[in-house]
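Notes follow once the structure below has been shown.
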Amino acid sequence: MALLAVAAPVPAAEQRFAFSVNDLDASLASYRVDPQTGHLRFLRYYPLGKSTPTVVVDPSGRFVLATSQSVDRVYVFRLDRLSGTLHPVSGSPFVTGGRAPFQILFHPSGRYLYMAHRFAGVGAYAFDPETGAVSALAGSPYPAGQRTRSIVLHPNGRLLYALNAYSNDLSAYAVEPRTGALKALPGFPVRVGEMGQIDYLAQQMQDVPDSAGGLPYHLTADPAGRFLFITNAASANISVFRVDAGSGAVVEVPGSPFFTGFNPYSATVDPAGKRLYVTRPRDNLVAVHRLDGATGRLTPVAGSPFTSGGEQPAFVTFSRDGRRAYVNNMASNDIAQMAVDPASGTLSVEEVVKTRSAPWFFTLADGDTPPPPRPPRVYAARAARSSAAGELALLTPALETLARATSGGQPSAVVVNPVNAFAYTTNADTGSVTTYRVDEKRPALAAIAQTPAGAEPLAAATDVNGWYLYVANHGDDSLSVYYLDPEEAGKPKPVRGSPVTTGKAPVAVRLDPASRYAFVVNQGSDNVSVYRYRTNVTPLYFESVRYGSPFATGHEPSDLVVDPTGRYAYVANAGDDSLSAYRIHHQTGALSALPGSPFATGRRPVALAAHPSGDFLYVANAGSRGLQRYRIEKALGAVARDGAPLALPVVPKALRMDADGGHLSVLAADGRRVLTYAVAADGTLRLQTDGRPERPLSDFVFVSRP
């Protein structure tokens, strides 16, 4: 088992962002948190060193820190509290001076931090709250026992405890408040996790020495600092110790250890201090115990244990009010959002969101209240007139032209880089990609480069980080892949191995929200090709042939959309009036048909849009001139018609939904009308505008920036 232990931080107050460290992906992922629903939506990811076990936010809420065991470094980022963007601070990553930094805890003052080093004890560091710089204190790291995996600070800030997994004991230190230095307390180490002989090899714990006992993995405390809780991974129980806040001495409570089920990994006390939540990665469950505040005794709550919503749960992280919890499941690469019953403490899954590979730890972060949203910009590819070339235009939502630039061809698709000021059009007639510099404030557009593509490029997409551009070439059955170099004005550079072969006549390319997979819709061969990455900094152009790619669809597939949780893909099949629905495999990207698929649609479905809530899917039917809403059953991915189809006054070609899901726009097949509908909370649509652009549009996108 690849799971190792770290201590869970207390979630922040105004939780608008979240972060996970992803072990197999060597990355730090960021999410936006919906303040009403608690839903997570993927923002972007940041490469880290290998083996990344923990991420924390400093007490000021301005910095995010993550460790890498493989390079003995700590990465420090400054958090933009409006956008959630992370910026490396000067000097990051910082040398820790100890082997395998496993966990970070901040002193309440925010001026010091401590790390559990698996092979060096406890590291102590000064933290500059203005610059984010980290520097080791004199004497760091401090000796502890064997395999120090987990540490906890007493709420009074004067005591620190360290759990040593392979020597089965607990070390303790007094914290010098003026310097942050540690001094070993008398009477420690204290033995924990004792039990009889265990067949560790049979339990896939090959590196555990014969001297190990119950294998104490994780250490936590209740919010008041009355008790310490230790998960004993090999002995299926929890040890509970009462803490003397004055002297730091501990004594095991009567009845300890308490049974919790095999292989308990981490323990987290809810914000109210009433219950203990224990992850069990071997059976994908979370055990919940009621905590007796007077005695420290643990008793299972009714219905415990509960499903973790995925495979190999590592930690439970609570919202500040304790009504929501998030469980990061390492093996299924997802974060499960749970509803917490305030009376009983029971858990129920509300939503599961796919993320990068092996999310080891998860934390919530403060965000500032955003200013009123600015009206979105519309980037539109406009067809060529007889006397003029095609162009990219920057428009208002009312389709008024703010800026324009010639495209050098007949533009077929438009893409806007999500992180910097560049945009791109594919030009079907000239087999090229045009790069534009964008200034939304002036506003202004300027075409700055033209790059060869394949024959008849019809569709394009970029990843969430704005690193790569993917272009589907309808005329030669290929996918061109480019690196978007910000140092060279965002000009696309073909990556090694590009172009790659697709199925026949590709018409669309889409990425999942976490940019782990690229899906190419092959209209001529009635299938979808799936591409993956090799490492977290390589493009998605390794086809999943080994896992079954390409995957069969209905006849004449025309569009594909991935739901906002990243779990399901839907394909509109124009040739047989159907909607194919698939589950996306969390490790390979392979598509497997969902029960009931394909689902009936109107005549000739050509375009799809998924609501950001994940509740609704919209299908535009060109043959019957209708727009049908479907409700998505989140637990299964199946869809069901939700109301009668909405009649359209045009033959639809494309659907576009803005970032917050408030508006859905329909582009007419001739490009001469854009119908924009307001989207109500129940998914119903109300016509808001019937736009008549001054020149026909071949494609357009909404862009909303903070």
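Residue numbering for the sequence shown follows this note's numbering, starting at 12 and increasing by one per position. Backbone N, C-alpha and C fix where the C-beta goes; we use that ideal spot for every residue, glycine too.
Going by C-alpha to C-alpha distance, which of the options sits closest to residue i?
{"i": "F433", "options": "N476, Q421, L469 and A466", "result": "N476"}
{"i": "N547", "options": "H50, G60 and F28", "result": "G60"}
{"i": "R110", "options": "H128, S603 and F238", "result": "H128"}
{"i": "V662", "options": "Y447, D653, V630 and R642", "result": "V630"}
{"i": "P275", "options": "G266, P227 and A232", "result": "P227"}
{"i": "Q461", "options": "T441, V201 and S178", "result": "T441"}
{"i": "W371", "options": "R27, L708 and A37", "result": "A37"}
{"i": "T190", "options": "F199, P200, A173 and G168", "result": "G168"}
{"i": "K365", "options": "D345, R684 and L659", "result": "D345"}
{"i": "T65", "options": "V75, V506 and L239", "result": "V75"}
{"i": "H622", "options": "P656, T576 and Q598", "result": "T576"}
{"i": "R652", "options": "A665, P660, K664 and G637", "result": "G637"}
{"i": "L618", "options": "L678, G607 and D671", "result": "First, the residue type needs correcting, since residue 618 is Ala and not Leu in the sequence shown. Comparing Cα-Cα distances from A618 to each of L678, G607 and D671, the minimum goes to L678."}
{"i": "V351", "options": "A173, G486 and T318", "result": "T318"}
{"i": "E644", "options": "L675, L605 and N632", "result": "L605"}
{"i": "D693", "options": "A232, G672, R614 and V506", "result": "G672"}
{"i": "P383", "options": "P200, L93, S41 and R122", "result": "L93"}
Could you tell me which residues DSSP puts in a beta bridge with residue i?
{"i": "F113", "result": "Answer is none; F113 lacks a bridge partner."}
{"i": "R291", "result": "L296"}
{"i": "A192", "result": "In DSSP, A192 forms no bridge with anything."}
{"i": "I459", "result": "Bridge partners of I459: none, in fact."}
{"i": "S38", "result": "N33 and P58"}
{"i": "Q639", "result": "V630"}
{"i": "K504", "result": "Y494"}
{"i": "E402", "result": "R393 and T417"}
With residue i and residue j assumed to form a contact (beta carbons below 8 angstroms), what rounded beta-carbon distance in angstroms separates them?
{"i": "F373", "j": "S31", "result": "5 angstroms"}
{"i": "T310", "j": "R301", "result": "5 angstroms"}
{"i": "Y579", "j": "Y593", "result": "7 angstroms"}
{"i": "V482", "j": "V444", "result": "6 angstroms"}
{"i": "R667", "j": "A620", "result": "7 angstroms"}
{"i": "L490", "j": "P510", "result": "6 angstroms"}
{"i": "R521", "j": "Y544", "result": "No, R521 and Y544 are not in contact; Cβ-Cβ is about 15 angstroms, not under 8 angstroms."}
{"i": "R684", "j": "R706", "result": "With 8 angstroms as the limit, R684 and R706 do not qualify as a contact, their Cβ atoms being about 12 angstroms apart."}
{"i": "A611", "j": "D574", "result": "Not really, about 19 angstroms apart at Cβ, beyond 8 angstroms."}
{"i": "S246", "j": "G266", "result": "Actually they are not in contact, since the Cβ atoms of S246 and G266 sit about 15 angstroms apart, beyond 8 angstroms."}
{"i": "N584", "j": "G565", "result": "3 angstroms"}
Report the three-state DSSP secondary structure of residue i (helix, strand or coil).
{"i": "E263", "result": "strand"}
{"i": "E705", "result": "coil"}
{"i": "D710", "result": "strand"}
{"i": "E499", "result": "helix"}
{"i": "A19", "result": "Summary for A19: the model assigns pLDDT 39, below 50, so the residue's position carries little reliability; its value from the coordinates is reported in the next sentence. Coil at A19, not helix or strand."}
{"i": "I209", "result": "With a pLDDT of only 49 at I209, under 50, the local geometry of the prediction cannot be trusted, and the value read off the model is given with reservation. Correct three-state label for I209: coil."}
{"i": "Y558", "result": "helix"}
{"i": "Q699", "result": "strand"}
{"i": "S94", "result": "coil"}
{"i": "R27", "result": "strand"}
{"i": "D83", "result": "coil"}
{"i": "S103", "result": "coil"}
{"i": "T142", "result": "coil"}
{"i": "M126", "result": "strand"}
{"i": "P422", "result": "strand"}
{"i": "H6", "result": "Nothing about residue 6 can be reported from this structure: the residues present for the chain run from 12 to 717 only."}
{"i": "D345", "result": "strand"}
{"i": "W478", "result": "coil"}
{"i": "H50", "result": "coil"}
{"i": "D669", "result": "coil"}
{"i": "D450", "result": "strand"}
{"i": "S315", "result": "coil"}
Mind checking residue i: buried by the 16 CB within 10 Å criterion, or exposed?
{"i": "D626", "result": "buried"}
{"i": "Q47", "result": "exposed"}
{"i": "H50", "result": "buried"}
{"i": "D210", "result": "For D210, the predicted structure reports a pLDDT of 43, less than 50, and the residue's modelled location is therefore unreliable. A value from the coordinates is still provided. Exposed, by the Cβ-count rule."}
{"i": "K502", "result": "buried"}
{"i": "T446", "result": "buried"}
{"i": "D69", "result": "buried"}
{"i": "R335", "result": "buried"}
{"i": "K664", "result": "buried"}
{"i": "P387", "result": "buried"}
{"i": "P422", "result": "buried"}
{"i": "S418", "result": "buried"}
{"i": "G314", "result": "exposed"}
Quick check: is the beta carbon of residue i nearer than 9 angstroms to any beta carbon in chain D?
{"i": "L469", "result": "Structure shown: chain D not included; a single protein chain is present."}
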